[in-house]
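Data block below; observations after.
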Ligand code: SF4
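Here it is in structure tokens:
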């Protein structure tokens with residue numbers, strides 16, 4: 053979305069129906085051609101397909117899709133999303149090989165004085181006979197590790213303190229930040245370089261309240277374009293100007309509900325002052341298993357965003 057343009061908004065995908073594997077390419081090609089023919093070519097800010105769908109209506113879009121594909125969509129198949137974050141640590145494949153999913157803060161692979169992450173991954177790459185997978189949450193999975201390499205890789209990751217990183221708070225392990233400054237020329241504020249130190253301070257609030265193991269999704273971007281998916285954070289910050297952020301609350305942990313604007317133009321002190329009482333109440337008043345985003349809605353901090361079109365209301 054764009055600040056000051058309420059006609060722009062983030063939006064979750066709409067479910068259209070089910071297509072079998074052999075029909076996927078035909079379906080995708082037809083979707084792309086509808087957007088080519090029906091998309092807004094005059095105003096780039098509202099040119100994306102979400103706006104095309106909301107302008108013509110989902111039923112009209114679906115009818116056109118079926119016409120172009122030459123067959124009808126099947127009814128939506130049942131599905132269940134329980135989380136949108138990564139499950140860290142070791143897992144095993146059906147072929148007996150192993151994977152290990154690592155936390156990469158801000159998605160940045162680099163060496164620092166106290167943490168030689170890049171060196172560690174280089175050492176692993178020298179002996180690894182499988183592959184590497186970058187996850188949609190800025191993390192990294194070392195995949196297809198053979199039995200003979202498992203112990204060596206485990207020792208390497210322990211030696212370089214990569215595996216112990218998984219002992220971070222549930223908040224930090226569920227953090228995403230876009231690159232923002234200095235890489236992105238569209239950024240109004242810091243994100244990737246600043247979020248870790250802000251999390252240090254929010255972690256203190258969580259630890260005092262016994263919430264350090266609780267998984268809470270936190271996101272930060274340097275502008276409202278949303279490259280770090282900030283509108284899907286239970287706690288999110290979108291940069292407005294250097295050192296100042298809009299705070300959003302209330303997204304669903306499983307990725308099926310967007311958040312909503314809670315407060316505007318907060319500096320670090322005000323961010324912590326706003327979050328402190330909410331975190332304290334969450335520790336004391338939450339229901340068994342209740343997620344932070346759901347709690348902020350139940351307690352009236354924000355209204356639930358049920359659809360992209362009511363994101364701003
Ligand atoms: S969200 Fe904005 S600041 Fe961040 S990478 Fe995207 S365009 Fe740049």
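Residue numbers (my numbering): 53 to 365.
Glycine is no exception: its CB is placed at the ideal position from the N, C-alpha and C atoms.
Note that the structure is a prediction, hence the values are computed from the model and not measured.
Endpoints, the beta strand (DSSP E) within which residue 195 is located: For residue 195, the enclosing beta strand (DSSP E) covers residues 192-197.
Three-way DSSP call (helix, strand, coil) for residue 41 in this model: What is shown of the chain runs 53 to 365, which leaves residue 41 out entirely.
Distance cut-off 8 Å: residue 277 Cβ against heavy atoms of the ligand SF4: yes
Closest by C-alpha distance to residue 197, when choosing among 186, 176, 170: Its Cα nearest to that of residue 197, the residue 176 stands out among 186, 176, 170.
Contact test: residue 91 Cβ vs the ligand SF4 heavy atom, cutoff 8 Å: no
Delimiting residues of the alpha helix (DSSP H) encompassing residue 121: DSSP places residue 121 in the uninterrupted alpha helix (DSSP H) bounded by 110-121.
beta-carbon residue 231 near the ligand SF4 non-hydrogen atom, thresh 8 Å: yes
Terminal residues of the beta strand (DSSP E) in which residue 299 lies: 296-301
Through-space distance from residue 138 to residue 59, alpha-carbon basis: 33 Å
Segment contact flag, the stretch 114-126 with the stretch 169-186, C-beta cutoff 8 Å, min 3 pairs: Not touching, per the Cβ criterion.
Environment of residue 65 [buried if 16+ CB atoms lie within 10 Å]: exposed
For residue 316, three-class secondary structure by DSSP: Looking at residue 316 - three-state DSSP - the assignment turns out to be strand.
Proximal residues to residue 185 (C-beta, below 6 Å), its chain only, five neighbours per side dropped: Here the set comprises 193, 195.
Near the ligand SF4: residue 238 beta-carbon under 8 Å from a heavy atom: yes
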